[in-house]
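Worksheet for the structure shown next.
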Amino acid sequence: MPALGAEVKNISKKMGAATALRGVSLQFESGRVHGIIGPNGAGKTTLMRCLAGLLRADEGEVVYSLDGRRLSSARAKEITGYFPQEPSLYPDLSCMEHLLFFRDLYNINRSDFETRSRELLAATGMAPFAARAAGKLSGGMYKKLGLMCVLLNRPSLLLLDEPTIGVDPLSRRQLWDLIYKFAGESMTVIITTSYMDEAAACAKVHALDEGRALAAGTPAELRARFHTDNFADIFLQNG
Amino acid sequence: MSVFLRRVRLIALKEYKHILRDPFTLAVALLLPLLFVLFFGFIIDLDYKHIPLVVRDNDQSPLSRRFLRQLSAAGYFDLAPAHGMLAAQAALRRNDTAGVLVIKKDFGKNIMKGDFTAPARAQLLLDGSDNTKAAMAQAYMTGALLKINADFTRLYHADAAAANPDALVRTRFLFNPELNSRWFIVPALNTVIIGFLAIVLTALTVAREWENGSMELLLSTPVRAAEIVLGKLIPYFTLTLFDVLAVFVLSLYVFGIPFLGSFVLFTFACCVYITGALALGLVISVITRNQQAAIQFAFAAGLLPSFIFSGFIFPVENMPLFFRIFTGLFPQRWFLSLSRSMFLSEASFAALAGPMAGIIIFAGVMVFAAVKKLKTDVEP
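From first to last, the protein sequence lines stand for chains A and B.
Mapped onto the numbering used here, the consecutive letters of the first sequence carry residue numbers -6 to 232.
Mapped onto the numbering used here, the consecutive letters of the second sequence carry residue numbers 3 to 382.
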């Protein structure tokens, strides 16, 4: 299946008394790795939840397109994989039990599961830990397991909310390698991060601050536009 | 198998794993019912026996002593002689006795005469500060006197009808001939166990998923609300049904309670009642999304109706009109009525139809509410 494209059109969202998103419009072209950067409280998680169909925008809309055709939110949800920022796995279930659970949840046939799980376990180096409970994994391994669970369905749109937060530098590198291994023509990746150095690894960067979209472009375009090599300067100049 | 059923089975299997790996949940689910049965079946006994009673025998005749021997043999009273009325009153003040029985002079002589214009007299003074105990003691005394009167009439040829017109009225208690309170309480235990335990068990399950963050990941998949609700209900349903059947077996073989109704109908009623209670727990869990709040709501929703509004301890018929109607909202009231009827009488289906409809409607409404209230998003 080809990669899924998404367009956020002027969405606003209030979370309680606070306004998390204020008229944000962003274009996520299919088949690319998009990075959403911004400090804490910028509205990244709210935006990701809107893209995952877990929050409804108060104003505006999210439009999904597959091969140039508009797709309903319900259909898009079936081919979207989302891994939240907060711990969201079952601490008492082992890695393999998680994979089997998501296999049945996504209705993946046994032969496809065998191939994909073997490939994912090898790529993440998690094969020796397949029987270990998620609650007993290190931070990096926990994130890798989460990523494996959502990648098992070969989603056309992969949403990763701060997957590298609290992860050691080596595991961060491995996670990025994994993302690039699967990203491409059949998978669009949208990843949020508050590590500015990770923005350079994305094909397109979207800067978000205080619920507003500040800028979007390739890393080179943003460097040229803001005359800086450090993406943090975008927010400092805006402040 | 359809995708729907496959996902329901998947969620149920996952839930089974959580239960089996969580010793606390397992202990609560399996040990709590046994504790309930032991507590209510053995410890709480509304039949007062061996009530201490001080006796002042002012007659000291062979007949007054025979009367006291027969009274003591009935087993309800432990008699202790008092040397003078002052000692008897002191025993009452010290709370050493539930009452004082005073036998008047000429007690024996009047019995021998058999003259109803000059009956044998005795006075029973009871400590009214515990009105339940006093009422029970009075009832036991009346019962014992009826029997002793009959014996004395037979032995001393007195005119029974003249001496005691009440003795002509013969009371017979149906379904529970000895008015054994255990027969009354044990059949109601399933009502309390399900009505409380089932709600608490499921009240934690969805709230726990919200708290450990797994609900957000689960809801991002194509899984539907009905699949989650049914998947969550099934493991706790089997666990609670096991509890109910364990209590049923204990009721029959440990407490010796008769079961005269239809076992098939009883099992069906249990299944419906369990489903309603579990679904109510889910509704609480879905709304609160927080284990602490869920458990507090579950205690309120489970304990109050099970103990107060069900008729378990306080008869619904004696409640004011508003509460008689209000208790109808709670399935505990209907199931308790079903359970007692099916244990102790061969009630017809027509007699059980009303309460059965009550629990079926409640279960249906609760399952519908759980599915409707379980949002498939993370909106607050």
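Even glycine gets a Cβ: it sits at the ideal position worked out from N, Cα and C.
Predicted, not measured: the structure shown is a model, and the values here were computed from it.
Taking 3 residues as the minimum length, the beta strand (DSSP E) runs contained wholly in the segment 82 to 163 of chain B are 101 to 105 and 124 to 128, in order along the chain. No Cβ-Cβ contact shorter than 8 Å links A:Val55 with A:Arg63. Note that the segment 27 to 40 of chain B does not touch the segment 101 to 108 of chain B; fewer than 3 beta-carbon pairs, one per stretch, sit closer than 8 Å.
Between B:Lys375 and A:Leu48, the alpha-carbon positions lie close to 16 Å from each other. Of the residues B:Met143, B:Ala271 and B:Arg9, the one whose Cα lies closest to the Cα of A:Arg96 is B:Arg9.
Within the same chain, Cβ atoms closer than 7 Å to the Cβ of A:Ser58 are found at Gly(-2) and Leu64, the five residues on either side in sequence being excluded.
Note on geometry: alpha-carbon atoms of A:Ala213 and A:His27 lie some 14 Å from one another.
Below 8 Å, enough C-beta pairs join the segment 146 to 157 of chain A and the segment 181 to 193 of chain A to call them touching: three or more. Under the criterion of beta carbons closer than 8 Å, A:Tyr135 and A:Leu82 qualify as touching, at roughly 7 Å.
Residue pairing by DSSP places B:Pro54 opposite B:Asp80 in a beta bridge. A straight-line Cα-Cα distance of about 12 Å links B:Ile315 and B:Phe42. Between A:Thr211 and A:Thr186, the C-beta spacing is not below 8 Å.
Per DSSP, B:Glu348 has no beta-bridge partner at all.
Along the segment 6 to 47 of chain A, the beta strand (DSSP E) occurs as fully enclosed runs of 3 or more residues at 11 to 21 and 26 to 30, listed in sequence order. Annotation for B:Lys377: no beta strand (DSSP E) segment contains it, and DSSP assigns it neither H nor E. At a beta-carbon threshold of 7 Å, the residues of chain A lying near B:Gly215 are Pro77, Glu79, Pro80 and Ser81, ordered along the chain. The straight-line gap separating the alpha-carbon atoms of B:Arg67 and B:Asp61 is approximately 9 Å. Those residues of the segment 216 to 229 of chain B placed with their C-beta closer than 9 Å to a C-beta in chain A are Ser216, Met217, Glu218, Leu219, Leu220, Leu221, Ser222, Thr223, Pro224 and Val225, ordered along the chain.
In the pairwise beta carbon analysis, the segment 331 to 339 of chain B is classified as touching the segment 356 to 371 of chain B: at least three pairs are separated by under 8 Å. At a cut-off of 8 Å between beta-carbon atoms, B:Lys234 makes no contact with chain A. Put simply, the backbone Cα of B:Lys115 is about 35 Å away from that of B:Lys135. The alpha-carbon separation between B:Val318 and B:Ala302 amounts to approximately 19 Å.
Put simply, of B:Asn320, B:Leu340 and B:Gly360 the residue whose alpha carbon is nearest the alpha carbon of B:Gly330 is B:Gly360. With fewer than 16 neighbouring CB atoms inside 10 Å of its own CB, B:Lys111 falls in the exposed class.
With distances taken between CA atoms, A:Leu114 lies nearest to A:Gly139 out of A:Gly53, A:Gly139 and A:Phe21. In the pairwise beta carbon analysis, the segment 265 to 284 of chain B is classified as touching the segment 232 to 248 of chain B: at least three pairs are separated by under 8 Å.
Here the alpha carbons of B:Glu218 and A:Ala50 stand approximately 17 Å from one another. Taking every protein chain shown into account, the CB of B:Lys149 has fewer than 16 other CB atoms within 10 angstroms, so this residue is exposed. Neighbours of B:Val380 in chain A, taken as residues at a C-beta separation under 7 Å, are given in chain order as Arg42, Leu47 and Leu48.
B:Val266 is outside the set of residues whose beta carbon lies under 8 Å from a beta carbon in chain A. Each of B:Phe332, B:Val288, B:Met321 and B:Gln294 was checked against the Cα of B:Ser308, and the nearest Cα belongs to B:Phe332. Against chain B, the CB of A:Asn33 has no partner CB under 8 Å away; the residue lies outside that interface. The segment 188 to 207 of chain A makes contact with the segment 18 to 26 of chain A; the number of CB pairs closer than 8 Å reaches 3 or more. With respect to chain B, the C-beta atom of A:Glu71 has a partner C-beta closer than 8 Å.
In summary, the residues of the segment 12 to 26 of chain B whose CB is separated from some CB of chain A by less than 8 Å are Leu12, Lys16, Lys19, His20, Arg23 and Asp24, in the order they occur in the chain. Judged by DSSP secondary structure, B:Arg291 falls outside any beta strand (DSSP E); it is assigned neither H nor E.
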